[in-house]
Amino acid sequence: MSHENAIHWFRKCLRIHDNPALLEAIKNSKHFWPIFILDPWFVKNMKCGPNRWRFLAQSLQDLDDSLRKFNSRLFVIRGKPMEVFPQIVKKWKIKLLTFESDTEPYAKVRDEEIQTLMKILKVEVCTFSTNTIYNPEKIIEFNGKVPLTMQAYLNIVDKIGLPAKPVQSEEKIILLTSDKERCSPLEDISDSKYDVPTLEELGVKVNDLYPCLYPGGETEALKRLERSLSNEQYVCKFSKPDTSPNSIKPSTTVLSPYVKFGCLSARTFYYKIRDVYLKSKSGYTKPPVSLHGQLFWREFFYTVGSVTPHFDQMIENSVCRQIPWMENKEHLEAWAHGRTGYPFIDAIMTQLRQEGWVHHLARHAVACFLTRGDLWISWEHGMKVFEELLLDADWSLNAGNWMWLSASAFFHQYYRVYSPIAFGKKTDKNGDYIRKYVPILKRFPPEYIYEPWKAPKKLQEQLGCVIGKDYPSPIVDHDKARVENLRRMDAVYKSAKESGGKKSASPKKSQKQSPKASSSHQTSALSSTPKSTKRANSQQQNKITKFLKLQ
């Protein structure tokens with residue numbers, strides 16, 4: 001059905017390629033407005049680090065640049081969606097709204113509000129599932145229930161078959177927009193109030209930023225994709241466990257931030273990898289360790305998170321084992337800021353804070369250290385730190401991985417503990433990674449670089465770094481902490497077994513429990529923490545009622 005005017009709402013798919021929702025808006029209208037809604041309240045209050053704000057701003061700018069080639073632009077509108085839409089629908093006489101569907105709990109509530117509002121405004125709404133390779137709803141429908149293991153998920157997609165191919169939207173958009181009347185009106189294109197936000201507007205202190213290693217945007221994403229897949233041997237032999245967590249140059253593609261923000265379509269990524277596989281004469285690795293496997297991990301956690309209430313917290317989370325974690329603010333701060341006294345752990349956290357990305361196995365090491373390995377601190381705290389610092393912080397993946405690595409869900413071999421000393425030595429005996437990110441230790445010889453406290457005091461003085469003064473002593477004894485935490489995990493798992501396989505009893509009241517995850521709706525392209533359904537539904541009714549009274 002053709003409409004006079006349409007809006008495409010960019011949220012988590014900040015791209016032109018493989019964007020059927022964008023194509024739908026252009027194809028079925030004479031004029032269209034591509035928008036991104038930025039809520040100033042979230043800019044001021046949400047816990048999002050400067051690297052991720054910068055990545056978002058770069059991605060929006062790149063998208064704006066691309067849209068201008070089609071005689072349009074990106075309209076960045078400041079405000080709350082429920083307040084913004086009545087205004088722009090009336091101003092621009094909109095009859096069609098398109099956007100990609102979102103599986104996160106907070107987003108489902110938001111989108112229900114918008115659907116109800118659009119019905120009142122007599123605006124047709126078209127949505128498309130394009131943020132994942134497979135639609136999570138279809139996966140669950142096909143299986144009859146949500147898969148709770150990666151192998152179960154892989155079995156399902158194997159039966160379903162190949163996913164839908166990416167839509168060649170860019171070529172079609174070029175043809176459709178050759179007629180200027182189909183694009184945004186000139187007076188709106190030139191209005192500066194819709195400009196992409198500056199870093200200052202996003203609250204970022206530019207002088208505090210480190211050099212940008214991973215520029216945001218679709219243009220950069222496609223360049224990196226092509227570069228990553230140009231090496232057939234690398235693609236076909238890729239096995240995640242065999243890559244290095246502490247190489248100076250990343251040993252993986254570092255495409256995860258681009259998939260997270262939707263600068264790179266997961267379907268496009270999947271089929272580009274498949275093209276390389278099909279050309280190979282020597283075979284290729286298989287999921288879950290292959291490149292396809294890395295995409296399927298994302299799909300798996302998206303699927304589970306889409307239907308599991310309270311997925312980002314321990315309490316009331318049906319898939320999460322209830323563990324009596326301890327509260328220790330000093331240890332948490334030391335871990336988060338790279339001051340544990342374990343150089344390998346501190347180097348990882350420093351890289352994360354400076355660059356916004358660390359290797360997945362490095363994430364394993366620091367997550368294990370915070371939780372079941374050494375500090376016995378709840379995975380929820382670690383998840384929140386990662387949500388702030390990671391460029392690729394994705395709500396369901398972040399929560400799912402933290403439950404996995406703390407042996408709270410999905411992974412139960414809790415006796416496999418990452419050593420903060422031995423693990424890093426496997427791939428970097430000389431400690432070059434530590435020397436880069438913990439430069440105060442750069443003069444230490446290899447035999448002491450992972451355990452500087454063992455260096456003779458006289459040598460420490462000669463090297464200009466006295467442990468306990470210039471660099472912290474270890475905040476825990478790893479060997480002792482490991483033994484004690486294994487005992488604790490034994491007790492938790494034994495209790496669960498005795499209670500008939502339940503996730504075990506709630507944590508004892510004597511333990512200082514982690515608070516439930518804070519609730520807030522957040523800007524779509526960034527990670528989010530959902531509100532409870534009951535509260536959100538109440539808010540929805542209040543907003544709609546208020547709107548009706550204004551009509």
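When we follow full-length UniProt numbering, the leftmost residue of the sequence shown carries the number 1, and every step to the right adds one. C-beta: ideal position from N, C-alpha, C; glycine also. Please read all numbers here as calculations on a predicted model, not as lab measurements.
- If you check the CB distance, M314 and C320 come in under 8 Å.
- Residue state for R78 is assigned as strand, using DSSP reduced to three classes.
- Under the rule that a run must span 3 or more residues, the beta strand (DSSP E) segments found entirely inside the UniProt domain "Photolyase/cryptochrome alpha/beta" (4-133) read 29-38, 75-78, 96-100, 124-128.
- DSSP places Y234 inside the alpha helix (DSSP H), whose first and last residues are 232-237.
- Secondary structure at M326: strand, using DSSP grouped into helix, strand and coil.
- Distance check between A266 and each of A164, L361, P446, H310 places A164 closest, using alpha-carbon atoms only.
- Where T303 is concerned, the enclosing alpha helix (DSSP H) starts and stops at 291-307.
- By the neighbour-count criterion, in which 16 or more other beta carbons inside 10 Å mark a residue as buried, P439 falls on the exposed side.
- For T268, the enclosing alpha helix (DSSP H) covers residues 266-279.
- Within the same chain, Cβ atoms closer than 7 Å to the Cβ of N398 are found at M383, F386, E387, S527, the five residues on either side in sequence being excluded.
- Unbroken alpha helix (DSSP H) stretches of 4 residues or longer found wholly inside the stretch 155-242: 169-176, 186-189, 218-229, 232-237, given in chain order.
- Where H478 is concerned, the enclosing alpha helix (DSSP H) starts and stops at 478-498.
- Here the alpha carbon of H337 sits roughly 16 Å from the alpha carbon of V476.
- In this structure the stretch 243-258 touches the stretch 351-363; the number of beta carbon pairs closer than 8 Å is three or more.
- In this structure, DSSP gives I377 an extended state, which the three-state scheme calls strand.
- Segment contact: the stretch 197-213 against the stretch 47-62, three or more CB-CB distances shorter than 8 Å; contact assigned.
- In the assembly as shown, D191 is an exposed residue. Its beta-carbon has fewer than 16 other beta-carbons within 10 Å.
- Using a 10 angstroms sphere on the CB of E333, the tally of other CB atoms stays under 16, which defines it as exposed.
- Annotation: the continuous alpha helix (DSSP H) that includes A399 extends over 395-405.
- The alpha-carbon separation between V492 and D479 amounts to approximately 20 Å.
- Contact annotation, S169 with N28: C-beta distance approximately 14 Å; criterion of less than 8 Å not satisfied.
- DSSP, reduced to helix, strand and coil, places Y342 outside both helices and strands of the structure shown, so it counts as coil.
- Per the DSSP secondary-structure output, Y471 pairs in a beta bridge with I467.
- Collapsing the DSSP output to three states places G382 in a helix.
- Look at E451 here: in three-state DSSP terms it is coil, with no helix or strand label.
- In the displayed model, S256 falls within a helix according to three-state DSSP.
- Taking all protein chains shown into account, K95 has 16 or more neighbouring C-beta atoms within 10 Å of its C-beta and is therefore buried.
- Here I7 is near A25, since their CB atoms are less than 8 Å apart.
- The C-beta separation of N131 from C13 comes to about 6 Å, placing the pair in contact by the 8 Å criterion.
- Comparing alpha carbon positions, the residue from E137, L148, L176 closest to H412 is L148.
- Three or more beta-carbon pairs separated by less than 8 Å are not found between the stretch 270-288 and the stretch 402-420, which leaves the two stretches without contact.
- Where A409 is concerned, there is no enclosing alpha helix (DSSP H), because DSSP gives it neither an H nor an E.
- Just so you know, the alpha carbons of A407 and R372 end up roughly 8 Å apart.
- Taking all protein chains in view, the Cβ of R443 is surrounded by fewer than 16 other Cβ atoms within 10 Å, so the residue is classified as exposed.
- If you compare the alpha carbons of V123, K138, L175, P166 with that of V157, the shortest gap goes to K138.
- Taking the Cα positions, V109 is about 12 Å away from L117.
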